Amino acid sequence: MTKTNQGNFFESFEIGQTFKHATPRTVTAGDVALYNAIYGPRFALQSSDEFARQLGYARAPVDDLLVFHMVFGKTVPDISLNAVANLGYAQCRFLEPVYPGDTLRSESEVIGLRQNSNGKSGIVYVRSRGFNQKDATVLDYVRWVMVRKGNLDAPAPEATIPELDAAVAADQLATEIPAIDIDALDTELSGSPHRWSDYRQGEILHHGEATTVEEAEHQMATRLYQNTARVHFNLYAQKKSGFPGRLIYGGHIISLARAQTFDGLGNAFHMAAINGGQHVAPTYAGDTVSSVSVILKSEDLPGRSDFGALRVRTMAVKDDGLEDSFKDLEELRQRNSVLLDLDCWVLIPK
Amino acid sequence: MTKTNQGNFFESFEIGQTFKHATPRTVTAGDVALYNAIYGPRFALQSSDEFARQLGYARAPVDDLLVFHMVFGKTVPDISLNAVANLGYAQCRFLEPVYPGDTLRSESEVIGLRQNSNGKSGIVYVRSRGFNQKDATVLDYVRWVMVRKGNLDAPAPEATIPELDAAVAADQLATEIPAIDIDALDTELSGSPHRWSDYRQGEILHHGEATTVEEAEHQMATRLYQNTARVHFNLYAQKKSGFPGRLIYGGHIISLARAQTFDGLGNAFHMAAINGGQHVAPTYAGDTVSSVSVILKSEDLPGRSDFGALRVRTMAVKDDGLEDSFKDLEELRQRNSVLLDLDCWVLIPK
Amino acid sequence: MTKTNQGNFFESFEIGQTFKHATPRTVTAGDVALYNAIYGPRFALQSSDEFARQLGYARAPVDDLLVFHMVFGKTVPDISLNAVANLGYAQCRFLEPVYPGDTLRSESEVIGLRQNSNGKSGIVYVRSRGFNQKDATVLDYVRWVMVRKGNLDAPAPEATIPELDAAVAADQLATEIPAIDIDALDTELSGSPHRWSDYRQGEILHHGEATTVEEAEHQMATRLYQNTARVHFNLYAQKKSGFPGRLIYGGHIISLARAQTFDGLGNAFHMAAINGGQHVAPTYAGDTVSSVSVILKSEDLPGRSDFGALRVRTMAVKDDGLEDSFKDLEELRQRNSVLLDLDCWVLIPK
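Protein chains in written order, with our numbering: chain U, 1 to 350; chain G, 351 to 700; chain V, 701 to 1050.
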């Protein structure tokens, strides 16, 4: 028996199986600085301790997606080391805010299994959760991933497909976010005068920023998250397998797009939930990523007079100046340039 | 009306107009580590809390140029998103030292305007200031920048050109720098035995280090500063506009050159002022940057027995080993290899 | 006399000569984050303050190799600025653990000299030590390096070659490591169930991770260590000298390999000593680095019931999937793909 990790193959997963993932990780101001350097977010709440305190936070919380990536990264060695493709996310809720100094760990439970008809792989559904050092849940999400079989003769498990909501319900949003003092919101400092009630359904936002992705950037980010998926780091093996290069971690594109949404959604301080997300096409170093959002829905949050929620669909494209017109995001979605189609809830002061 | 930022065009600026810029930013040890990794400065004061305390500081202050870049970066979305070119700096004074944990914000005032004769653009002069969380001024400078007109039919404003000093006066230097204990200066640890009185006017210093700039490095730095100028990040658009690649933020070259001046000016712990600076030619990834300085002047500082000032002209060149001789920096300035011509005051213990 | 550093040439070194190196450096959480982003280590002790406290540490210590690189980097301007090649390390002991906030400085003593028969260069042996702000030794090692002569007419010194042990003795290991509570070791969180007694001599571990090195990554790392060796940064000069590119700092490969050994040696929390190391071939950006280890020896540590030691030989290769078999590391060593051959002691709980 080898002591090295060969990863789990499809046939070794069982419904109800749980994983307590390595490696726990104390989040630091250093991680935050790297996140800022790699994606360039400009939301004032996460950027300034003073601004955060004025609103009622103890200090600037960590970017929600940095938390997502750290919790997600830990699941890779157990869940997706032998993955063919990451297929989707659902019911992803951001819960307790994370601050520098907090220590994160992750757990997962297998909630669905379905072998593919070719008998060579299957889909594994896991519910993963991130916890801080006080065992408070910071993140809770479902993802499904196609995993290779190691032994093709292993019998297929009974198919179990979890029922997943198309979107997180409004009363499940922002449950752990502290009440903020919206009168203390300085919209000059935050960079946008627009509050929750200023957005209307169907409104399209062409975010003005674009970024060309570099190998060193996505590798450094993905290693910072302790995500060990080999396709992101091993050019030699990628070329041998017929790929043009290293595949960039899908979460990297989510973070780039989220940072770009500052332009138009400058006060959308929190990502509250990811309802669903598709990595439509792979991204490689050298691609220039830009993004567009549409407001799908505006929702009042029960019991909260400070934050409202906006359901936003953000599409990231590559090497597409988006100069020519498109009627809506459904039309844009048909283009070959689309990389990411993300449906999420953001929180924005009233 | 879109909620995204189209930036200001020349015709929308008015004399006396003020801007309170987004996004406030708490400077952390993470930012300092990135700055060190990207530029490699070795000045002991900024590198070691112990060394700083021995001299009389509370702890190691942040590199002066990191402060400059953070204050500058905030001004970009309001002042220079539609800039054709950054033309110059003047009267740039470094004031209150910045420490990790401080929160920076920026303000600007329009102090000059002159439409170009072609009617398509004009020059905007702004005085920008950076403040810490106690509202103490950390930086104060003038820059002028050529900005496109959005509406070519807009009338030209009355031309107003501010009078700018060729250099910051000695009594305006180091006004907020604490008194240090020069007897406690350990010149083995600082890496140089040379103090203020050891330098003479006209002395040329060939700094031995050179660095080849990488895309990931300048992008990470520029995003760390939350500088959103598109030319630094968008390869797709740059190529469409006929550029060979992303233009590197001019301040990146200033920081590289400043770090290189450690070799020869190891005790020049502070940049006290930038009298003027020209980005003579654009820099692209792959260029190897090295630098040379000349001592323009040595100045005693009124009322200070600890620090003296040296006025230094530093020239950065690319892909030039500087093996062949040049009489002085005026002669060097004629070369095609010159990227930067910077005139600044540095502080060095007596 | 110039004030810039020309470095020391072979003829200027003398037996017994000591150097107190610049620049002292306070290690921060920012440095740790960069180290994590560049190499991707996943050892729980260094990753989580909570995990570290549970074992009995005050908080997560800094990666031992980050300490090595910082101590080493400081020696470069005095010892190896005019080096032709770094030849070897011996008797390298990791002593007092380092924590964020500690300030490191380095000293060296010349302990051996031997001019080469060609009269153009010679070998300098130095014993270097790193200290924290309490003057506790954090690192102690010998290295030898071939240094050019500046004046070919300078007489050869009497040859002095220090006697160096082939390996650090077991009673010299872990002398400053605090006693840990091995019952508190959570092997799910640490990522490996294997303890000291699970490893047997001759056991080979094929570490599953591989990483393609990028210019920005090794440059940022090497600058973070304030290592100024020119071959790592100056593409222009490298090309003029006939090299295909910038030579990557050898310590970069050691850190990559060490991080990869997590897969198979997940509880080997500390590197206790480097017995010897050879940089068999140069590494360039674009090379994909992977590694294999063999357990050379297992050693009980006198007086310690918590940690045992494993002597491990780790070989890093480039662009080699290691798919074809090799009997042992001696056979592997014959390949052209070998970059690094490292012999070290690691500590792992009993």
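C-beta: ideal position from N, C-alpha, C; glycine also.
Quick caveat: nothing in here was measured; it's all calculated off a predicted structure.
Shown here, K774/V sits in a helix according to DSSP, grouped into three states. For A83/U, the three-state secondary structure derived from DSSP is strand. By a beta-carbon distance limit of 8 angstroms, V67/U contacts V138/U. Their separation comes to about 6 angstroms. As the crow flies, the alpha-carbon of P24/U is around 53 angstroms from that of K820/V. Residue pairing by DSSP leaves I15/U without any beta bridge partner. Between M70/U and chain V, the shortest Cβ-Cβ separation is not below 8 angstroms. Listed in chain order, the positions of the stretch 716 to 748 of chain V with a beta carbon within less than 8 angstroms of a beta carbon of chain U are T728, A729, G730, D731, V732, A733, L734, N736, A737, I738, Y739, G740, R742, F743, A744, S747, S748. Listed in chain order, the positions of the stretch 580 to 604 of chain G with a beta carbon within less than 8 angstroms of a beta carbon of chain U are R580, F583, N584, L585, Y586, A587, K590, R596. Bounds of any beta strand (DSSP E) do not take in Y739/V; it lies within the alpha helix (DSSP H) bounded by 729 to 739. In chain G, no part has a C-beta under 7 angstroms from the C-beta of A1016/V; the shortest such distance is about 23 angstroms. D343/U is positioned such that its CB atom lies closer than 8 angstroms to that of N275/U. The Cβ atoms of N132/U and E107/U do not sit closer than 8 angstroms to each other. The shortest CA-to-CA distance from D341/U to any of K318/U, T314/U, F10/U, K327/U is the one to T314/U.
Residue-level contact by beta carbon holds for N5/U and chain V, with a gap shorter than 8 angstroms. Nearest CB-CB separation between L924/V and chain G: below the 8 angstroms threshold. Just measuring C-alpha positions, the residue of L935/V, G951/V, E1030/V, A869/V sitting nearest S998/V is A869/V. Between A884/V and L755/V, the beta carbon gap of about 6 angstroms places them in contact (Cβ cut-off 8 angstroms).
Collapsing the DSSP output to three states places L690/G in a strand. Taking 4 residues as the shortest admissible run, the stretch 214 to 242 of chain U contains the following complete alpha helix (DSSP H) segments, listed from N- to C-terminal end: 215 to 224, 235 to 240. Nearest Cα to F583/G within the set L34/U, G7/U, G40/U: G40/U.
Per the coordinates, the alpha-carbon of L1001/V lies some 7 angstroms from the alpha-carbon of A1009/V.
L679/G carries a helical assignment under DSSP once its states are collapsed to helix, strand and coil. Around the beta-carbon of L852/V, fewer than 16 other beta-carbon atoms lie within 10 Å, marking it exposed. The stretch 560 to 578 of chain G makes contact with the stretch 378 to 390 of chain G; the number of CB pairs closer than 8 angstroms reaches 3 or more.
In this structure, the straight-line span from the alpha carbon of R545/G to that of P699/G is close to 6 angstroms.
Burial of G7/U is indicated by the presence of at least 16 other C-beta atoms within 10 angstroms of its C-beta. About 16 angstroms separates the beta carbons of R946/V and L956/V, which is beyond the 8 angstroms limit, so they are not a contact pair. Think of a sphere of 8 angstroms around the beta carbon of G1003/V: no beta carbon from chain U falls inside it, the nearest being about 27 angstroms out. Comparing alpha carbon positions, the residue from E11/U, V346/U, W345/U closest to R114/U is E11/U.
E50/U sits in a helix when the DSSP states are folded into three classes.
Out of R335/U, K318/U, Q91/U, E215/U, the CA that lies nearest to the CA of A285/U is found in E215/U.
In this structure, D414/G and H620/G form a Cβ contact; the two beta carbons are roughly 6 angstroms apart against a cut-off of 8 angstroms. Within the model, the alpha-carbon separation for Y449/G versus N705/V is close to 30 angstroms. Using a Cβ-Cβ cut-off of 8 angstroms, T775/V does not count as an interface residue toward chain G, since no Cβ of chain G sits closer than that to its own. At least one CB of chain V lies nearer than 8 angstroms to the CB of L555/G.
Proximity of G541/G to chain V, defined by a Cβ-Cβ separation below 8 angstroms, is satisfied.
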